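What follows is a single structure, written as structure tokens, with notes after it.
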Amino acid sequence: MRVLARDAARAASFPWGDDCEIVEGSADDAAAVAAAMDDVDVVYYLIHSMSAGKGFEESDERAATTVAEAASAAGVRRIVYLGGLHPDDVALSPHLRSRVRVGEIFLHSGVPALVLQAGVVIGSGSASFEMIRHLTDVLPYMPAPKWVRNRIQPIAVRDVLHYLLGAARVDADVNRAVDIGGPDVLRYGQMMNGYAVEAGLPQRAIAALPVLTPGLASHWVNLVTPVPRSIARPLVASLQNECIMKDHAVDELIPRPESGLTPYRRAVDLALGRVDADAVETSWQDSEVSGAPSDPLPSDPDWAGRTVFTDARTLATSASVDRLWPVILGIGGTNGWYSSRFLWAVRGLMDRVMGGVGLRRGRRSRTVARVGDAIDFWRVETVEEPGAATGSSAASGGCCACAPR
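Take 5 as the starting number for the sequence shown in my numbering and just add one per residue.
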């Protein structure tokens, strides 16, 4: 198995990092994509550029074109793309329009492609799930756009994985798009109240207002949830379109799971279980912030001479390394910052006002930090486990270096 990743060290830090070959580069880097395609049979394309802010449609098209051309040149047998569920013959939101365009690029690439078109994916770490979760947790009453009454067909992430794996085994001549979805067709308010039942919360009152535009609604979501506006806006705009399956043609290609498709409330229960167990492996929270540099920090800008400052402090303590290291790893997020909390709150507010993520973004895991993880408005650049330099956890402490994002 081979993975294309912008940051090889970050990809290698996942539990599966040692089980695959990692090629470093972006999807619009022709040389890196060509290297990743070498001797590959099936390509899974699970990329979108919503967090890139304005211009994400152009970024999506450029990356998909690069991948399609490389797959054709390398003789790849199949491309599998996870796109978006959408209606036909209507004006689509930019998010859904971009998903459709990417699917068309693969279907016309000359390589047989299977485009799986999914609606709201329910699973721990999903931006759509986090929107539902935090809106319901925070708001006993929710003013919403009138199109919040549109129908949606959510699907559990485990069922998405079932279809993705099955896509590699379809007949070689299959080149088409198919809809996938769960067994429930719901309105957004029903999804929120279904979450409330599973989370042990009272039912939420939702009022559909005609004055809330996608832009205003995304500001509202950005205010009361950790999801940044760059991601919230395209997701909210997509709610203008009813996203339900037009047919069940996928059943002819990929049999349903033996236990059946996962009901919505069961999917919510499973997602909450992983959150409670601190077992969220991947999350939207670790996505890059629009406009943030990808090079390692800290550093000053070019005009300042790229001078790097290091703030090193030493403090004696009677605590053992084994007790101290988890405390260091747990900083930020729901655990908070261990001193000057008011000043950290002011720092987060300043970051938010300037277009950053502030303190609301939190972190993927309460207890684990990997290279590339987001911790509030910081990003982990280096993790050196205790004893890494000497081979003894008792002999040396650990290091977790973060840079602002």
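Even for Gly, the Cβ is constructed at its ideal location relative to N, Cα and C.
Keep in mind that this is a model prediction, so the values were computed, not measured.
* **Nearest-angstrom Cα separation, counted from P149 out to C24** => Straight-line spacing of the CA atoms in C24 and P149 works out to 45 angstroms.
* Asked: Are A181 and Q121 closer than 8 angstroms when you measure CB to CB?
  -> In this structure, A181 sits near Q121, with a CB-CB distance shorter than 8 angstroms.
* Give the straight-line distance between the Cα atoms of A78 and L139, rounded to the nearest whole angstrom. => So the alpha carbons of these two residues sit roughly 46 angstroms apart.
* Give me whichever residues DSSP pairs with Q121 in a beta bridge. => Partner(s): G87 and D183.
* What is the rounded straight-line gap between the Cα of G264 and the Cα of T386? -> C-alpha separation (whole angstroms): 43 angstroms.
* Asked: Roughly how many angstroms separate the alpha carbons of T70 and S76, rounded to a whole number?
  -> Taking C-alpha positions only, T70 is separated from S76 by approximately 10 angstroms.
* What span of residues does the beta strand (DSSP E) with R6 cover, start to end? -> Under the DSSP assignment, R6 falls in the beta strand (DSSP E) whose first and last residues are R6 to A9.
* Asked: When the distance is taken between beta carbons, is M196 closer than 8 angstroms to I136?
  -> Closer than 8 angstroms, so yes.
* Measure from the alpha carbon of D92 to the alpha carbon of each residue in D251, W20 and Q194, then state which is nearest. => Minimum Cα distance to D92 is reached at D251.
* Asked: With respect to the alpha helix (DSSP H) encompassing M41, which residues constitute its N-terminal and C-terminal limits?
  -> Looking at the DSSP string, the run of the alpha helix (DSSP H) that includes M41 is A34 to M41.
* **Distance CB(G185)-CB(Q157) smaller than 8 angstroms** => Inclusion of G185 and Q157 in the CB contact set at 8 angstroms is warranted, their separation being smaller than that value.
* Should S294 be labelled buried (16 or more other beta-carbon atoms within 10 Å of its own) or exposed? -> Its pLDDT being 45, under 50, S294 is placed unreliably by the model, and the measurement read from it follows with that caveat. It is buried - the Cβ of S294 has at least 16 other Cβ atoms within 10 Å.
* Chain-order list of residues whose beta-carbon lies under 6 angstroms from that of Y167 (same chain, five-residue window excluded) -> If we look at Y167 and ignore the five residues flanking it on each side, its Cβ neighbours are L120, I184 and I258.
* Taking 8 angstroms as the cut-off, decide whether the C-beta atoms of R278 and S128 are in contact. => Yes, the pair counts as a contact, with Cβ atoms nearer than the cut-off.
* Compute the minimum distance between the beta carbon of K150 and the heavy atoms of the ligand COA, and state whether it is under 7 angstroms. => For the structure depicted, the ligand COA is absent and the ligand set is empty, with no information on it obtainable.
* First and last residue of the alpha helix (DSSP H) that includes M196? -> Y192 to E202 is the span of the alpha helix (DSSP H), which, as asked, contains M196.
* Cβ neighbours of R6 in the same chain (closer than 7 angstroms, five flanking residues each side left out) -> Excluding positions up to five away in sequence, the list reads C24, E25, V27, A40 and V44.
* Asked: I think H99 touches L239, with their Cβ atoms under 8 angstroms apart; what is that distance to the nearest whole Å?
  -> With a Cβ gap of about 7 angstroms, H99 and L239 count as contacting.
* **Close Cβ partners of L227 (< 8 angstroms) along its chain, the five nearest in sequence each way excluded** => Correct list: empty, nothing qualifies.
* Residue closest to V384, alpha-carbon to alpha-carbon, out of F346, I332, L347 and T338 -> Looking at the Cα atoms, I332 is the closest of the given residues.
* N- and C-terminal bounds of the beta strand (DSSP E) containing L213 -> Here the beta strand (DSSP E) through L213 covers A209 to L213.
* For P98, three-class secondary structure by DSSP -> In the structure shown, P98 sits in a helix (DSSP, three-state: H, G or I).
* Inter-residue spacing [alpha-carbon to alpha-carbon] between S234 and V225 -> So the two alpha carbons sit approximately 11 angstroms from each other.
* Asked: Do the CB positions of R162 and T266 come within less than 8 angstroms of each other?
  -> It is a contact, given that the beta carbons lie within the stated cut-off.
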